[in-house]
Structures are given as C-alpha cells and as structure tokens.
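Have a look at the structure below before the remarks.
There are 2 protein chains.
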Amino acid sequence: MGERYLKSIRLLAECMQGFERLSGQHARACGLTHAQFDIIATLGNTPGMSYKELGERTLITKGTMTGVIERLEQKGLVERTRSSDDKRSWFLRLTKAGERLFDEVFPRVVAGGAAVFAQYDDADFDRLESTLAGLKAVIDAVPQPDNNHR
Amino acid sequence: MGERYLKSIRLLAECMQGFERLSGQHARACGLTHAQFDIIATLGNTPGMSYKELGERTLITKGTMTGVIERLEQKGLVERTRSSDDKRSWFLRLTKAGERLFDEVFPRVVAGGAAVFAQYDDADFDRLESTLAGLKAVIDAVPQPDNNHR
DNA sequence: TATTGTTATACTCTATAACTATA
DNA sequence: TATAGTTATAGAGTATAACAATA
Chain A
1 MGERYLKSIR LLAECMQGFE RLSGQHARAC GLTHAQFDII ATLGNTPGMS YKELGERTLI
61 TKGTMTGVIE RLEQKGLVER TRSSDDKRSW FLRLTKAGER LFDEVFPRVV AGGAAVFAQY
121 DDADFDRLES TLAGLKAVID AVPQPDNNHR
Chain B
1 MGERYLKSIR LLAECMQGFE RLSGQHARAC GLTHAQFDII ATLGNTPGMS YKELGERTLI
61 TKGTMTGVIE RLEQKGLVER TRSSDDKRSW FLRLTKAGER LFDEVFPRVV AGGAAVFAQY
121 DDADFDRLES TLAGLKAVID AVPQPDNNHR
C-alpha cells in the first residue's frame, strides 16, 4: 500500500547526510559546532531576527538557544539588542566579525556545493527545484507541534 | 556564477528539517534520542552489521557509537556478538524487543509519512525518486573524508 | 603497520520544567 | 493569561586522542 514514499525519504536522508558531512567539515574548520554553524548560516544575509524566529528556522529549542547564543556572543560573532517594540524580546544579528566569518566560510561551502553540481544544467536545476518545492509544500501542510515549548 | 544550487540546498534542508521534526516526535514518544532512533532505524529489517558499518550509515563516530550502543543494550533493544571472522569486530542486531519496537514505531512513522504524500501519484513518485537519486549520485561522487576517524 | 573498537576528557547539545518580566 | 527569554538539571551526543587487541 502507500509506502512507496519510503524510498524517497531514504534518498532524501542520504542526500542530507552527504551535505551534512560536507558542511560539518567547514563548521569544525572554523571552530563552530553544528548548532552554532546553523545559527550563523541562518543569520547570514539577513538584517537579524529574534530568538523566537531563529528557533523556528532551526531545530533549536529556546532553552538551548540561550546557551548557543551565549557562546557565539563570547566569540564575538553575534550581538543582541533589546527589541524596542517588545521589551521581552531580543534582536539578534551578526557582528562585523560574524559577517566576516560568514562571508569567508559560506563561499567555501558554496564552492564545495558548486563542485557537487558541476554537471547540472538549467533544466536539471529547474527539475530539482520544482520537485523539492513540491515536497516542501506537502510537508509544510502537515500540522507540526510548536518546536519551542513542547 | 554557479550558485543557483543554493536554493536547492535550502529546500533540501527545509524538507529534511520537516521530516526530522515529525520523526523526532516518534523517537521521543518511545524514549529514544535522535541517535538511538537512527541506530534502530538503520538496524531494522537487516540481519545486522558491525559498528563500522553502522558508523558509515549514520553520522555517528566510533567513539560515540560505543556509548550509544551501550545504552541501547541496557534497554534490551540491541545485542552484540563477536564476529567470527574478525575477532576485533562486533556483530550487532536488534533483539526481539528491538524488533518489536521497530515494527511498532516504524509503521507509525510510515503512516505519518504516508499522510504527507497522500496527494502523490505514481508520476509524482517517479519524478521525486529519480530527481533525488540523481542528486545522491552527484553527492556520492564527491570524495568525503572517512567519518570514523577524522 | 593498519584497523576495530574502548576509554577518557572536556565541552556542547537536548528535553524539560519552573521561573521572571513583559504583553 | 499568554508569550519571550532565562535558569537549572540530568542525561546524551560530540570531537579528539591515546590505547588494546587483532589483522
């Protein structure tokens, strides 16, 4: 019966695992853990965001977030200011050093990734993007519990 | 330049994150951590394998593997016997209880997943599978460092 | 000499829940 | 009452490296 998708999930997991192996090298190379790398990558090329939003974009719960951000702050990679419209909330963004790290590391991840896709042409990308976008749409349609205070 | 793939990677990561959120619920529901769940899922429906092979199929390094397996053994979910052909190596497999857990939990993951793909028809699956298989092929083509003794 | 798995260390992440301050 | 983030706790995962037994 409808279990054909198992193969797809396995493939998806294997692809992701492959990328994680690759990006994990970059993370460790610049002294970041997986979670820290995740935060830097999420904050990169954005004006910044709150803990809450960061928690939604990553799989890091709020209790953990405090510690992860603390360590990134100690490394001088992120800075936080109290949000002006909601005084309970922080506004988080990369520092200059954080941006430098992002600008230095991310292109290397990009270059590594680009090598992976060296043989892809526009049609291949069209297909990959639309297929994945479709998959993401059906996943997002499933109601998911709030990750931040289960 | 060739950075079009970034969108694909982001999509891939978001899909995987969605699945991890879903499967994470099942894992916690049966008292397993992500790593433990990973092992059970990897051992399920196989005759068993060595630590080394498990390490290759998951992203768990050998130093960690000892501890993870230890806890699963304490829970009575896996059992190990010395390999007969290589006496340094263990042969690991699910116990009856481990198989029961796998048989009980995995179908629920399957059912949850099936709900995600309710609207997919054969053509959709064809497309998804071949797209992902192609992606996996290019990822696997990249030389990756040995995860087990970096 | 190389490989399989163990042990040890130090740190980080995780789930959970009770808590403070603000909304 | 609800929400944003903090703190505390106990357990688990992580990288790393030195080590034993076997190949």
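Residue numbers (UniProt numbering), protein chains in the order written: chain A, 1 to 150; chain B, 1 to 150. Glycine residues also receive a C-beta, built at the ideal position from the N, C-alpha and C atoms.
Residue i versus residue j - alpha carbon distance
| i | j | result |
| --- | --- | --- |
| L43 (chain B) | F106 (chain A) | 35 angstroms |
| L59 (chain B) | T81 (chain A) | 36 angstroms |
| F117 (chain B) | R127 (chain A) | 19 angstroms |
| I69 (chain A) | R21 (chain A) | 23 angstroms |
| L54 (chain A) | A115 (chain A) | 29 angstroms |
| F91 (chain A) | S50 (chain A) | 5 angstroms |
| T131 (chain B) | F125 (chain B) | 10 angstroms |
| Y120 (chain A) | R10 (chain B) | 17 angstroms |
| D122 (chain A) | A141 (chain A) | 28 angstroms |
| L101 (chain A) | R57 (chain A) | 20 angstroms |
| Y5 (chain A) | K96 (chain A) | 44 angstroms |
| T46 (chain A) | R93 (chain A) | 8 angstroms |
| E99 (chain A) | L12 (chain B) | 24 angstroms |
| K7 (chain B) | D86 (chain B) | 46 angstroms |
| L72 (chain A) | Q25 (chain A) | 18 angstroms |
| K52 (chain B) | I139 (chain B) | 21 angstroms |
| V109 (chain B) | E129 (chain B) | 19 angstroms |
| K136 (chain A) | A35 (chain A) | 22 angstroms |
| E104 (chain B) | G48 (chain B) | 19 angstroms |
| G63 (chain B) | R88 (chain B) | 15 angstroms |
| E79 (chain B) | A111 (chain A) | 43 angstroms |
| A133 (chain B) | M65 (chain A) | 35 angstroms |
| T61 (chain A) | S23 (chain B) | 16 angstroms |
Buried versus exposed call for residue i [16 or more other C-beta atoms within 10 Å across all chains shown]
| i | result |
| --- | --- |
| A27 (chain A) | buried |
| D38 (chain B) | buried |
| S84 (chain B) | exposed |
| G76 (chain A) | exposed |
| G67 (chain A) | exposed |
| A41 (chain B) | buried |
| Q74 (chain A) | exposed |
| G113 (chain B) | buried |
| R150 (chain A) | Residue placement at R150 (chain A) cannot be trusted, given a pLDDT of 41 that sits under 50; what the coordinates show is reported in the next sentence. So R150 (chain A) ends up on the exposed side. |
| M1 (chain B) | Residue confidence for M1 (chain B) is low, a pLDDT of 44 falling below 50, so the modelled location carries little weight and cannot support an answer. |
Proximal residues of chain A, C-beta to C-beta of residue i below 8 angstroms
| i | result |
| --- | --- |
| R127 (chain B) | R127 and T131 |
| G18 (chain B) | K136, I139, D140, V142 and Q144 |
| L54 (chain B) | By Cβ distance, chain A contributes nothing, its closest Cβ being about 13 angstroms from L54 (chain B), past 8 angstroms. |
Per-residue contacts from residue i into chain A (C-beta, under 7 angstroms)
| i | result |
| --- | --- |
| E14 (chain B) | K136 |
| K7 (chain B) | E129 |
| residue 185 (chain B) | Summary: the structure shown does not reach residue 185 (chain B), with chain B confined to residues 1 through 150, and so no result is reported for it. |
Per-residue contacts from residue i into chain B (C-beta, under 9 angstroms)
| i | result |
| --- | --- |
| L59 (chain A) | Q17, E20, R21 and G24 |
Listed by chain order, chain B residues near residue i by CB distance under 7 angstroms
| i | result |
| --- | --- |
| R4 (chain A) | F125 |
Proximal chain A residues relative to residue i, where beta-carbon distance stays under 9 angstroms
| i | result |
| --- | --- |
| L92 (chain B) | Ordered by position in chain A, no residue passes the 9 angstroms Cβ test against L92 (chain B), which lies about 20 angstroms from the chain. |
Worksheet item: Taking a cut of 7 angstroms between CB atoms, which residues from the region 97-119 of chain A lie near chain B?
Response: Sequence-ordered contacts of the region 97-119 of chain A with chain B read V110, G113, A114, A115, V116, F117 and Q119 [C-beta pairs closer than 7 angstroms].
Worksheet item: Using 8 angstroms as the threshold, is the region 3-18 of chain A in touch with the region 26-35 of chain A, meaning 3 or more CB pairs across them?
Response: Cβ pair count under 8 angstroms is below three, so no.
Discussion item. To be precise: take each residue of the region 35-52 of chain A, compare its Cβ to all Cβ atoms of chain B, and keep it if any distance is under 8 angstroms. Which residues remain?
Written reply: Taking 8 angstroms as the Cβ-Cβ cut-off against chain B, none of the residues of the region 35-52 of chain A qualify.
Fill in: Residues from the region 57-81 of chain A in contact with chain B, defined by Cβ distance under 7 angstroms
Listed by position, the residues of the region 57-81 of chain A near chain B (Cβ gap below 7 angstroms) are L59.
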